[in-house]
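> Before anything else, here's the structure in question.
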Amino acid sequence: MFSTLLETKKSRCGEWANCFSLYCRSFGYETRLILDFTSHMWTECYSMVLVCKFLMVLEYKEFLEVASTVAKDKEPFIEEYNAHNDDTTINFQIIMNADKMSKARQERLLKKFKLTSTLSTSNMHLLDANGVINKYDTLNKEYNICFKTVERSKDGLVPRLPSSNTTGVLPELLKNPVERRKHVKRLLKTASGLKYQQFDIQQQALKLTANNMYRCLGFSSSRFYAKPLA
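Using the working numbering, read the sequence shown as starting at 5 and increasing by one per residue.
Structure, rendered in structure tokens:
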């Protein structure tokens, strides 16, 4: 039936809807047939990808509207924007003068235009041993996880948390980059221009240094490989 329909290109709405629904389902889309009281039938197709893309476009358009709107205390950051989006591509054309572009480059384009995001790992709240909610900078440092404090079993099972009050070597080494990064992030709040970029690079370098102290424990080719600790 479908082959005849495609050859003649003549049929009723119900047959076209059935044919289109078959195509949509073959591509993995959630599809359903709709029949109303006027004896008309059509296909409804749902795509989570398209929904997410629509929401992303809508959110970014709101951001560009604010950036191009004149406010009482500041000039608009961009002059205007044009949207050239379709079902497969998100494409915004942004028009701005040379001075504003230079400032945007200093503050990093991806961050200025909200084209990247970060996930904070410095706001971890968990229950401590006494059942009280506590904030932790790094779980490894707070729980004193180290070669000298954790008793590892030969069967490779997850070990118990250390009970020793003596600070291990790794937590002790971790204090320095963690505290230095806190200091640099405080300076970052009041910095601008080139100084902002320098502080931002510095705090990211300290973050990588602190994280990699424990990441090496889970890397099988590392000389410090210790999966139960990782």
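Note that the Cβ used here is the ideal one computed from N, Cα and C, for glycine as well.
(1) Leaving out five residues on either side along the sequence, give the residues of the same chain with a beta carbon under 8 Å from the beta carbon of L198.
(2) Less than 8 Å between the beta carbons of V61 and N89, yes or no?
(3) Rounded to the nearest angstrom, what separates L72 and T92 at their Cα positions?
(4) Y218: buried (16+ other C-beta within 10 angstroms of its C-beta) or exposed?
(5) Considering only residues of the same chain and omitting the five flanking positions on each side of L192, which have a CB-CB separation below 7 Å?
(6) Just to confirm before moving on: does the CB-CB distance between Y27 and Y50 stay below 8 Å?
(7) Start and end of the alpha helix (DSSP H) containing M217?
(8) Tell me whether E183 sits in a helix, a strand or coil according to DSSP, three-state version.
(9) Alpha carbons only, please: which of I38, D103, I98 is nearest the one belonging to F117?
(10) Using a threshold of 8 Å, state whether the C-beta atoms of I82 and L68 are closer than that.
(11) Roughly how many angstroms lie between the CA atoms of M105 and P80, to the nearest whole one?
(12) Inspect the beta-carbon positions of A87 and F96 and report whether they are closer than 8 Å.
(13) Do you know how far the Cα of L10 is from the Cα of N215?
(14) Quick one: is S25 buried, meaning 16 or more other Cβ sit within 10 Å of its Cβ, or exposed?
(15) Residue range of the beta strand (DSSP E) that M45 falls in?
(16) Take T213 as the anchor and find which of V182, V70, M52, F41 has the nearest alpha-carbon.
The answer reads as follows:
(1) Q110
(2) yes
(3) As written in the sequence, residue 72 is Ser, which differs from the Leu given in the question. Roughly 26 Å separates the two Cα atoms.
(4) buried
(5) Y200, F203, D204, Q207
(6) no
(7) 197–219
(8) helix
(9) I98
(10) yes
(11) 12 Å
(12) yes
(13) 59 Å
(14) buried
(15) 45–50
(16) V182
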